[in-house]
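The next block holds one structure in the form of structure tokens; read it before the comments.
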Amino acid sequence: MFIAFFIGFFVFWEYSVIWFDIPRYILTPPSLIVEKGAADLDRLLYYTYITGLEVVLGYSTAVVLALPLGLAIAFSSILKRTVYPFIVCIEMVPKIAFAPLFISWLGFGLLPKVIIVFLVCFFPIVLNAILAFNSLSEELTLFSRSTGGGVWRTFIKVRLPAALPQCFVGFKYAAINATVGAAIAEFIGSDEGLGFYIQIVTGNMRPDLAFAGIFFLTLLGLSLFGLVTLAERLLIPWHISVRRG
Amino acid sequence: MSHQIEFSGVKKVFGTGASAVHAFGPVDLSIAEGEFISLLGPSGCGKSTLMLMTSGLLEATEGSVLIGGTKVKGPQTDVGVMFQDNTLVPWRTVRGNVELQLEMRGMSLSANKDKVDQLLTSVHMEDFADRHPYELSGGMQQRAAFCQAMVHEPKTMLLDEPLGKLDAMTRERIRSDLQNLWMQERPTVIFVTHSIEEAIQLSTKVAVITPRPGTIERIIDIDLPFPRDFEVKNSPEFAAYVRETQEIFRGYGVI
Chain S
0 MFIAFFIGFF VFWEYSVIWF DIPRYILTPP SLIVEKGAAD LDRLLYYTYI TGLEVVLGYS
60 TAVVLALPLG LAIAFSSILK RTVYPFIVCI EMVPKIAFAP LFISWLGFGL LPKVIIVFLV
120 CFFPIVLNAI LAFNSLSEEL TLFSRSTGGG VWRTFIKVRL PAALPQCFVG FKYAAINATV
180 GAAIAEFIGS DEGLGFYIQI VTGNMRPDLA FAGIFFLTLL GLSLFGLVTL AERLLIPWHI
240 SVRRG
Chain X
0 MSHQIEFSGV KKVFGTGASA VHAFGPVDLS IAEGEFISLL GPSGCGKSTL MLMTSGLLEA
60 TEGSVLIGGT KVKGPQTDVG VMFQDNTLVP WRTVRGNVEL QLEMRGMSLS ANKDKVDQLL
120 TSVHMEDFAD RHPYELSGGM QQRAAFCQAM VHEPKTMLLD EPLGKLDAMT RERIRSDLQN
180 LWMQERPTVI FVTHSIEEAI QLSTKVAVIT PRPGTIERII DIDLPFPRDF EVKNSPEFAA
240 YVRETQEIFR GYGVI
């Protein structure tokens, strides 16, 4: 059903360009996107690699830093009263607005993009981690205490597994943000990457190549999201969202 | 018989000043080793509060609780606690959940494998050992939770309305499983319930608790033979105990 609709969409696109006599520099049919995209495959693949690198570096740095911070805030009343409100405030700031600044400070290279990806991923992970580690049920808290299992054992055997589903909400949200952040950061200032590519070819009135760039960007986003979903399936197969999904 | 658990002047007040709520007590109560005592009372009378104070998970405002002659200060580890909402975790199987109790205490799994098997068998759960809690009915979950609460062979068991959320027929069946477990292991049990029949069927003693602030109105010795099966439950003696208890609550306007 879905596949039929999907194919129908592209067929309609293909022929509407002819029927409505749309100039090629405005919109190109999918067949031409494939053809011209294939001709420029080397550049597309290289730029996918560049943007992918920004996404992976920014995302994994965010996970590695945000998870322990979320954990620390969840268990420290001092951090909860100082750092936590600060993070909530910063979350309100549109991180992407910092992109021009980072580029002016750090140049056109990889680093400012990695930082932008990091920023758009960091906050959802932190906030969900705090929620996750603060949500252990009263019964399980009492149960853990009644066993005398201590902080570490309680963490490993009860708190951590109980927190994973909510953590994954953050991981998935961040995965969606990551490619968006990378593409916009590249729009603002870069000489490589899919965002750069889309901007340049659009300027040259080549919507065919722009769509090819968008296709690879989508592929990148889907791959990251797919990987996170796979990890979720492996780590929390017992959770209701995974069982129903 | 030695007194396994002793409450002297135990009282609990939540909050301070004008907003303070006197939830429970003062209560004096002695429970002998191997006894099965039910705390029977209406909702909100502080039964659960007493249970938490016994396990050391909640501090008494006044008075003291002694288990085996030692004053309760902080969480007690030689007790098995069971809450109305069970403490089965969804990421472990039934067996894994029972083993969680052992693992949390640093007890050997291999040395206790037979114990786990035997417990699961005694509540007819041996065929469901590798299932996850979400694959089970509410009744089966509670059976598994019983095993989890007693696998470490605690001398004292605190059961807070463990059958509260089950339908009447399932309750009936699990009561007899619970009775068998108790007869087999003979721990001292404090059982919280608001079912008069349940209390009388299972207990050696029933402590009738008044509405808030909960105090012990009367302790009724239930002098009926174990196991208390269908025959016993339909005996005139059983009916007389039910009647006696009902009269107390009617006096309070609870029923």
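Chains as they are written, first to last, in numbering that gives the first Met the number 0: chain S, 0 to 244; chain X, 0 to 254. Quick reminder that beta carbons are idealized off the backbone N, C-alpha and C, glycines included.
Chain S contact for residue i (CB, 9 Å cutoff)
i, result
"residue 184 of chain X", "no"
"residue 76 of chain X", "yes"
"residue 136 of chain X", "no"
"residue 212 of chain X", "no"
"residue 161 of chain X", "no"
"residue 133 of chain X", "yes"
"residue 0 of chain X", "At residue 0 of chain X the pLDDT is 43, less than 50, meaning the model places this residue with poor confidence and gives no usable figure here."
Alpha-carbon to alpha-carbon, residue j and residue i
i, j, result
"residue 18 of chain S", "residue 193 of chain S", "31 Å"
"residue 91 of chain X", "residue 38 of chain X", "32 Å"
"residue 193 of chain X", "residue 116 of chain X", "32 Å"
"residue 132 of chain X", "residue 25 of chain S", "57 Å"
"residue 218 of chain X", "residue 123 of chain X", "33 Å"
"residue 0 of chain X", "residue 32 of chain X", "The predicted position of residue 0 of chain X is uncertain, since its pLDDT is 43 and thus under 50; no value can be drawn from it."
"residue 136 of chain X", "residue 231 of chain S", "26 Å"
"residue 166 of chain X", "residue 158 of chain X", "18 Å"
"residue 86 of chain S", "residue 215 of chain X", "51 Å"
"residue 25 of chain X", "residue 252 of chain X", "22 Å"
"residue 280 of chain S", "residue 222 of chain S", "Since the first and last residues shown for chain S are 0 and 244, residue 280 of chain S lies out of range."
"residue 164 of chain X", "residue 107 of chain X", "33 Å"
"residue 141 of chain S", "residue 132 of chain S", "15 Å"
"residue 10 of chain S", "residue 4 of chain S", "10 Å"
"residue 110 of chain S", "residue 189 of chain S", "11 Å"
"residue 233 of chain S", "residue 229 of chain X", "48 Å"
"residue 9 of chain X", "residue 3 of chain X", "16 Å"
"residue 287 of chain X", "residue 110 of chain X", "The requested residue 287 of chain X is not part of the displayed model; chain X covers only 0 to 254."
"residue 207 of chain S", "residue 125 of chain S", "39 Å"
"residue 99 of chain S", "residue 1 of chain S", "40 Å"
"residue 291 of chain X", "residue 179 of chain X", "Because chain X in this structure spans residues 0 to 254, residue 291 of chain X falls outside the shown range and cannot be described."
"residue 79 of chain S", "residue 128 of chain S", "13 Å"
"residue 159 of chain S", "residue 114 of chain X", "28 Å"
"residue 18 of chain X", "residue 11 of chain X", "14 Å"
Interface partners of residue i on chain X, CB under 9 Å
i, result
"residue 228 of chain S", "By Cβ distance, chain X contributes nothing, its closest Cβ being about 18 Å from residue 228 of chain S, past 9 Å."
Outcome for residue i when other beta-carbon atoms lying within 10 angstroms are tallied against a minimum of 16
i, result
"residue 254 of chain X", "exposed"
"residue 229 of chain S", "exposed"
"residue 151 of chain S", "exposed"
"residue 28 of chain S", "buried"
"residue 81 of chain S", "exposed"
"residue 177 of chain X", "buried"
"residue 204 of chain S", "exposed"
Minimum Cβ-Cβ distance from residue i to chain X less than 9 Å
i, result
"residue 162 of chain S", "no"
"residue 141 of chain S", "yes"
"residue 168 of chain S", "no"
"residue 242 of chain S", "yes"
"residue 199 of chain S", "no"
"residue 232 of chain S", "no"
Neighbouring residues, chain X, relative to residue i (Cβ below 7 Å)
i, result
"residue 138 of chain S", "82, 84 and 86"
"residue 151 of chain S", "By Cβ distance, chain X contributes nothing, its closest Cβ being about 11 Å from residue 151 of chain S, past 7 Å."
"residue 156 of chain S", "99, 102 and 103"
"residue 237 of chain S", "89, 90 and 131"
Beta-carbon neighbours of residue i, restricted to chain S and to distances below 9 Å
i, result
"residue 100 of chain X", "142 and 146"
"residue 181 of chain X", "Simply none; closest approach about 19 Å."
Per-residue contacts from residue i into chain S (C-beta, under 8 Å)
i, result
"residue 175 of chain X", "Within 8 Å Cβ-Cβ: nothing; residue 175 of chain X doesn't reach chain S, min ~25 Å."
"residue 56 of chain X", "141, 144 and 145"
Listed by chain order, chain S residues near residue i by CB distance under 7 Å
i, result
"residue 168 of chain X", "Per Cβ cutoff of 7 Å: no residues; residue 168 of chain X is ~25 Å from chain S at best."
"residue 52 of chain X", "None at all; the shortest Cβ gap to chain S is about 12 Å."
Enumerate, from N- to C-terminal direction, the unbroken beta strand (DSSP E) stretches of 3 or more residues contained entirely within the region 23-66 of chain X.
-> 35-39 and 61-66
Can you list the alpha helix (DSSP H) stretches of 4 or more residues lying completely in the region 222-251 of chain X, in chain order?
-> Correct list: 229-232 and 235-250.
Report the residue ranges of all alpha helix (DSSP H) runs contained in full by the region 157-196 of chain S; include only those spanning at least 4 residues, in chain order.
-> 159-187
Runs of alpha helix (DSSP H) wholly within the region 82-132 of chain X (minimum 4 residues, chain order) | The qualifying runs are 93-103 and 112-121.
Minimum length 3: unbroken beta strand (DSSP E) runs contained in the region 120-204 of chain X = 155-159 and 187-192
Within the region 113-156 of chain S, ranges of the alpha helix (DSSP H) (whole runs, at least 4 residues) | 137-146 and 149-153
Ranges of the alpha helix (DSSP H) found wholly within the region 2-43 of chain S, counting only runs of at least 4 = Uninterrupted alpha helix (DSSP H) stretches at least 4 residues long and entirely within the region 2-43 of chain S occur at 29-38, given in chain order.
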